[in-house]
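As they're listed, the protein sequences go chains A and B.
If you're matching positions, the first sequence starts at 37 in the working numbering and goes up one per residue.
If you're matching positions, the second sequence starts at 4 in the working numbering and goes up one per residue.
Heads up, the beta-carbon is just placed ideally off N, CA and C, and yes, glycines get one too.
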Amino acid sequence: GENVEQHPSTLSVQEGDSAVIKCTYSDSASNYFPWYKQELGKRPQLIIDIRSNVGEKKDQRIAVTLNKTAKHFSLHITETQPEDSAVYFCAASRGAGQNFVFGPGTRLSVLP
Amino acid sequence: GAVVSQHPSWVICKSGTSVKIECRSLDFQATTMFWYRQFPKQSLMLMATSNEGSKATYEQGVEKDKFLINHASLTLSTLTVTSAHPEDSSFYICSARDSRSTDTQYFGPGTRLTVL
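As structure tokens, then:
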């Protein structure tokens with residue numbers, strides 16, 4: 037089955053700096069890769085997703101890149117703000133309603 | 004749009020009792036709902052996939068007789084933890100897939116279960 041790894045497990049950056057979180061997956065049939073942000077005690081919120089037919093997607097300060105050949109994808113947050121502090125989870129899915137396999141998460145702390 | 008609710012948000016019960024958790028999609032129809040369990044500072048672990056009108060598909064290691072799932076309508080799935088024990092204490096989160104979208108899942112706010 038699918039296995040998703042995520043690095044780093046914790047990340048601290050200064051406000052205004054960029055943050056990058058990387059994930060790798062094992063199932064070459066996976067074709068949908070969402071990223072979720074979870075604040076303490078709250079539900080995961082979808083922040084961006086990418087499908088395997090594109091290599092990059094951007095939404096304001098957030099971008100995701102995908103390398104299908106190497107089976108890895110990354111989340112990029114620019115101009116970080118304290119409210120970006122949370123746990124971020126990547127996931128991989130075969131799409132078409134299939135379940136997600138989540139990475140172990142990255143705890144991001146943005147220091148003021 | 005795409006709001007998923009869960010009830011109750013937290014529950015404390017005695018060992019041996021059963022607890023029912025409801026997951027509702029409020030403004031869309033969800034052919035498929037997913038139930039996850041999350042321990043403190045850990046990732047989301049899929050427990051089962053719930054399809055409307057059919058039996059749930061459980062992940063390996065999840066006891067189907069202990070975690071009863073019913074998905075009787077396109078907007079409601081329930082998870083019943085039967086004969087709960089302290090080791091069942093956890094954060095249970097559901098997600099729902101919008102029938103109009105093949106991929107995106109929207110999460111409920113979660114239910115924190117504490118078994119004494």
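For Lys58/A, the nearest candidate out of Trp71/A, His43/A, Gln50/A and Ser129/A (CA to CA): Position 22 of the first sequence, counted from the first residue, corresponds to residue 58/A. When each option's Cα is compared against that of Lys58/A, the closest is His43/A.
Given 8 Å, three or more beta-carbon pairs between the region 72 to 88 of chain A and the region 18 to 29 of chain B: They do not touch, by the three-pair rule.
Nearest-angstrom Cα separation, counted from Ser12/B out to Ser18/B: Stepping through the second sequence from its first residue, residue 18/B is reached at position 15. Stepping through the second sequence from its first residue, residue 12/B is reached at position 9. The straight-line gap separating the alpha-carbon atoms of Ser18/B and Ser12/B is approximately 19 Å.
Under 7 Å by beta carbon: chain A residues contacting Leu49/B: To locate residue 49/B, count along the second sequence from 1; it is residue 46. Chain A residues near Leu49/B: Asn135.
The region 124 to 144 of chain A contacting the region 46 to 57 of chain B, beta-carbon criterion three pairs below 8 Å: The region 124 to 144 of chain A is in contact with the region 46 to 57 of chain B.
One or two residues paired with Lys73/A in a DSSP bridge: The count along the first sequence starts at 1 and reaches residue 73/A at position 37. DSSP lists Gln81/A and Tyr124/A as partners of Lys73/A.
Amino acids of chain A, ordered along the chain, whose beta-carbon sits closer than 8 Å to that of Gly111/B: The residue labelled residue 111/B in the question sits at position 108 within the second sequence. Taking a Cβ-Cβ threshold of 8 Å, the residues of chain A close to Gly111/B are Arg79, in chain order.
Inter-stretch contact at 8 Å, needing at least 3 Cβ pairs: the region 124 to 131 of chain A / the region 33 to 44 of chain B: Cβ pair count under 8 Å is below three, so no.
Beta carbon of Ile15/B nearer than 8 Å to that of Leu82/B: Here residue 15/B refers to the residue found at position 12 when the second sequence is read from its first residue. Here residue 82/B refers to the residue found at position 79 when the second sequence is read from its first residue. Not a contact, by the Cβ cut-off of 8 Å.
For His10/B, the residue or residues it bridges with in DSSP: Start at 1 with the first residue of the second sequence, and residue 10/B comes out as number 7. For His10/B, which the question treats as bridged, DSSP gives the partners Glu25/B.
Sub-8 Å separation of Asn54/B and Thr85/B beta-carbons: Position 51 of the second sequence, counted from the start, is the residue given in the question as residue 54/B. Position 82 of the second sequence, counted from the start, is the residue given in the question as residue 85/B. Going by C-beta atoms, Asn54/B is not nearer than 8 Å to Thr85/B.
Residue burial classification, His74/B (beta-carbon count within 10 angstroms, cutoff 16): As a first step, residue 74/B must be located in the second sequence, where it is residue number 71. That one is buried.
Enclosing beta strand (DSSP E) for His88/B [first to last residue]: Position 85 of the second sequence, counted from the first residue, corresponds to residue 88/B. No residue range can be given for His88/B, since it is assigned to no beta strand (DSSP E) and is classified by DSSP as neither H nor E.
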